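Visitor: When the letters of the sequence shown are read in order and numbered with the numbering used here, they come out as residues 306 to 735.
A virtual CB, placed ideally from N, CA and C, is assigned to each residue, including glycine.
A quick note: this is a predicted structure, and the numbers were derived from the prediction, not measured.
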Amino acid sequence: MNTTIEKQENNIVKVDIEVPAKEAVTYYNNAIKRLAQYVNIPGFRKGKAPRNIIEQHIGEERVKQEALENALPKIFGDVIKENDFDIVAQPYVESYDFKVGEDLKITAKIELRPEITLGEYKGLTVEVNEYKIPEDAMQKSLDGMLSQYATTVVVTDRKTVATDEIVFDFDGYSNGEKIEHGDAKNFTLDLAHSSFIPGFAEQLVDRPLGEEFDIEVKFPEEYHEKKLAGQPATFKCKINEIRTKVLPELNDEFAQKVGPFKTVDDLKADIQKYLDRQKEDADRMNSERAIFEKVSSDEKVDIQQSMIDREADELLEEYKQKLTAQGFTWEQALEAQSYDEIMSQLKEDAQVRVKNSLVIDKIAKLENITVSQADFGAKLSELSQMYQIDAQTMIKQLSQTPGVFNALSQQALNEKVTKFLADNNSVKLK
């Protein structure tokens, strides 16, 4: 097989390939044999019709296409191996000349990984802002635990306060029209943690039981329902019940109730351990991020737009899956933001992801960092524990998603390179 390589712009190489006639005929004859197994020709059993009859029945071009589909993986594989090409996408055929009995001529284009030049990536010292445990972190943790064990009691002798939970009726109108789905009976709302329109919950404070009243609000400009976005609204309300939380007393009895502790001091010591681990994790992640940003800021690379576009397409699919998981549709997203605005942001993110992956792959290559079977197994084990599914079931489910194993391998490689950088550079916390 003879090849002629021509370098083009954007890390594309044009490859002219000549496959010897004898080899091309073998591909053609093998294609005839495969197709014969699936073609029904009157008067012949499957696979027994002569070559010329099969060619007449399905056409010579169909045979050539079958031959090429089966030959190209090997042909391209040989070209890539012989030239040590580092490809980032499947090669594609631009044209071909296939005449049985003559050399097979193929013109293809192959997209290569951009050549990246790294600056220093070992022996660096990076300054990182140290994570500080907030002064009120202990108290907030204790308050959160007390709140989990709080009891709710009904209040009848006072007006509502901002920390209450209420049961109320409401009926909404905007510009003289009733708001669709803007009403409810005996709706329960936590006034301190409301997801209603801004200003709604605040106007339910200092209200007595049984009184009917109106509140005035304005829908946000970016509200998902365009008809209501930025519009004023009136809600007729009536409070049917006021509830308040009663916190338990923070004592040794409470500590014994929430965990394997004998005293409040034991509970506080356990919370402090958690806060200390949180600080360690934050300092570690901030340090790893700072080192990587320092290393990648010194690199030089010219990334072709096609790589960014493909990454953006993958990010778009991830974005749509997240929307579905959160109960939204793609159409609703487009109501809030235009397609061009979404894609502009995704392409910015894609450029960063592509650049980072190129830096990681380059360091892995220079330092001979690879992903072993054990590394891959550890990632699968993490997933199976996270989703509480046994490893074999996890593998079966993941195998139904194209590219997921490559993604897991890349994730494992990212972690190994990140650890290498952390081990070979210094961090100064400030």
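Are the Cβ atoms of Asp469 and Arg548 separated by less than 8 Å?
Guide: In contact: Asp469 and Arg548 (Cβ atoms closer than 8 Å).
Visitor: Just verifying my parser: in three-state terms, what is the DSSP assignment at Lys427?
Guide: In the structure shown, Lys427 sits in coil (DSSP, three-state: anything other than H, G, I, E or B).
Visitor: My output table needs one value for Asn545: the three-state DSSP class, helix, strand or coil.
Guide: Asn545 falls in the strand class under three-state DSSP.
Visitor: As a quick exercise: from Val384, Asp645 and Asp402, pick the residue whose alpha carbon is nearest that of Leu621.
Guide: When each option's Cα is compared against that of Leu621, the closest is Asp645.
Visitor: Straight-line CA distance for Ile700 to Leu713?
Guide: Distance between the alpha carbons of Ile700 and Leu713: 12 Å.
Visitor: Taking only three categories from DSSP, how would you classify Asp402?
Guide: If DSSP states are grouped into helix, strand and coil, Asp402 belongs with the strands.
Visitor: Identify every residue that forms a DSSP beta bridge with Ile380.
Guide: Beta-bridge pairing links Ile380 to no other residue.
Visitor: Put Phe789 into one of helix, strand or coil per three-state DSSP.
Guide: A question about residue 789 goes unanswered here, because the residues of the chain that appear run from 306 up to 735.
Visitor: For Ile337, collect the residues of the same chain with a Cβ closer than 7 Å to its Cβ; drop the 5 residues on either side in sequence, then sort them by chain order.
Guide: If we look at Ile337 and ignore the five residues flanking it on each side, its Cβ neighbours are Arg356, Ile359 and Val368.
Visitor: Tell me which same chain residues have a C-beta within less than 6 Å of the C-beta of Glu616, skipping the five on either side of it?
Guide: For Glu616, where only same-chain residues beyond five positions count, the Cβ hits under 6 Å are Ala655, Arg658 and Val659.
Visitor: Can you list the alpha helix (DSSP H) stretches of 4 or more residues lying completely in the stretch 437-514, in chain order?
Guide: The qualifying runs are 442-453.
Visitor: Could you give the residue range of the alpha helix (DSSP H) that holds Ser689?
Guide: Run containing Ser689: Gln678 to Tyr692, per the alpha helix (DSSP H) assignment.
Visitor: Does DSSP put Ser731 in a helix, in a strand, or in coil?
Guide: Reduced to three states, the DSSP call for Ser731 is strand.
Visitor: With distances taken Cα to Cα, identify the nearest neighbour of Leu572 among Ser446, Lys627, Val330 and Gln642.
Guide: Among Ser446, Lys627, Val330 and Gln642, the Cα nearest to that of Leu572 belongs to Ser446.
Visitor: Any idea if Ala696 is buried or exposed, counting beta-carbon neighbours within 10 angstroms, 16 or more meaning buried?
Guide: Flag for Ala696 reads exposed.
Visitor: How big is the Cα-Cα spacing for Trp635 and Glu485?
Guide: Each residue's Cα considered, the two are about 21 Å apart.
Visitor: Verify whether the separation of the beta carbon atoms of Phe518 and Cys542 is less than 8 Å.
Guide: Contact: yes.
Visitor: Can you give me the Cβ contacts of Ala587 inside the same chain, cut-off strictly under 6 Å, excluding the 5 residues immediately before and after it?
Guide: Tyr436, listed in sequence order.
Visitor: Assuming Val569 and Leu555 form a contact by the criterion Cβ under 8 Å, report the distance between their Cβ atoms to the nearest whole angstrom.
Guide: Confirmed, Cβ separation roughly 6 Å.
Visitor: Please report the distance separating the alpha-carbon of Lys550 from that of Ala497.
Guide: Cα to Cα, Lys550 sits roughly 12 Å from Ala497.
Visitor: Under the three-state reduction of DSSP, which class applies to Asp603: helix, strand or coil?
Guide: Coil at Asp603, not helix or strand.
Visitor: Count the other C-beta atoms from every protein chain shown that fall within 10 angstroms of the C-beta of Ala455, then say buried if there are 16 or more, exposed otherwise.
Guide: Answer is exposed; the Cβ neighbour count stays below 16.
Visitor: Taking 8 Å as the cut-off, decide whether the C-beta atoms of Tyr397 and Ala413 are in contact.
Guide: Cβ distance < 8 Å, so Tyr397 and Ala413 count as in contact.
Visitor: Roughly how many angstroms separate the alpha carbons of Asn315 and Met306, rounded to a whole number?
Guide: Those two C-alpha atoms are separated by around 26 Å.
Visitor: For Ile346, name the three-state secondary structure that DSSP assigns.
Guide: Looking at Ile346 - three-state DSSP - the assignment turns out to be coil, as it is neither helix nor strand.
Visitor: Bridge partners for Ile310 per DSSP, in chain order?
Guide: Answer by DSSP bridge pairing, in chain order: Val320.
Visitor: Determine the burial state of Arg582: buried for a count of at least 16 other Cβ atoms within 10 Å of its Cβ, exposed for fewer.
Guide: Arg582 comes out exposed.
Visitor: How is Thr422 classed by DSSP in three states: helix, strand or coil?
Guide: Three-state result, Thr422: strand.
Visitor: Give me the residue from Lys327, Val459 and Glu440 with the minimum Cα distance to Glu546.
Guide: Out of Lys327, Val459 and Glu440, Val459 has the C-alpha closest to the C-alpha of Glu546.
Visitor: Quick check: the Cα distance between Val732 and Gly428, rounded to an integer number of angstroms?
Guide: Their backbone Cα atoms lie some 10 Å apart in a straight line.
Visitor: Which residues mark the beginning and the end of the alpha helix (DSSP H) in which Lys338 is found?
Guide: Residues Ala326 to Ala341.
Visitor: Closest by CA to Val466, which one among Asp391, Met648, Ile544 and Ile674?
Guide: When only C-alpha atoms are compared, the closest one is Ile544.
Visitor: What residue range is occupied by the uninterrupted alpha helix (DSSP H) comprising Lys701?
Guide: Looking at the DSSP string, the run of the alpha helix (DSSP H) that includes Lys701 is Ala696 to Leu703.
Visitor: Are the CB atoms of Val384 and Ile346 nearer to each other than 8 Å?
Guide: No, the Cβ-Cβ distance between Val384 and Ile346 is not below 8 Å.
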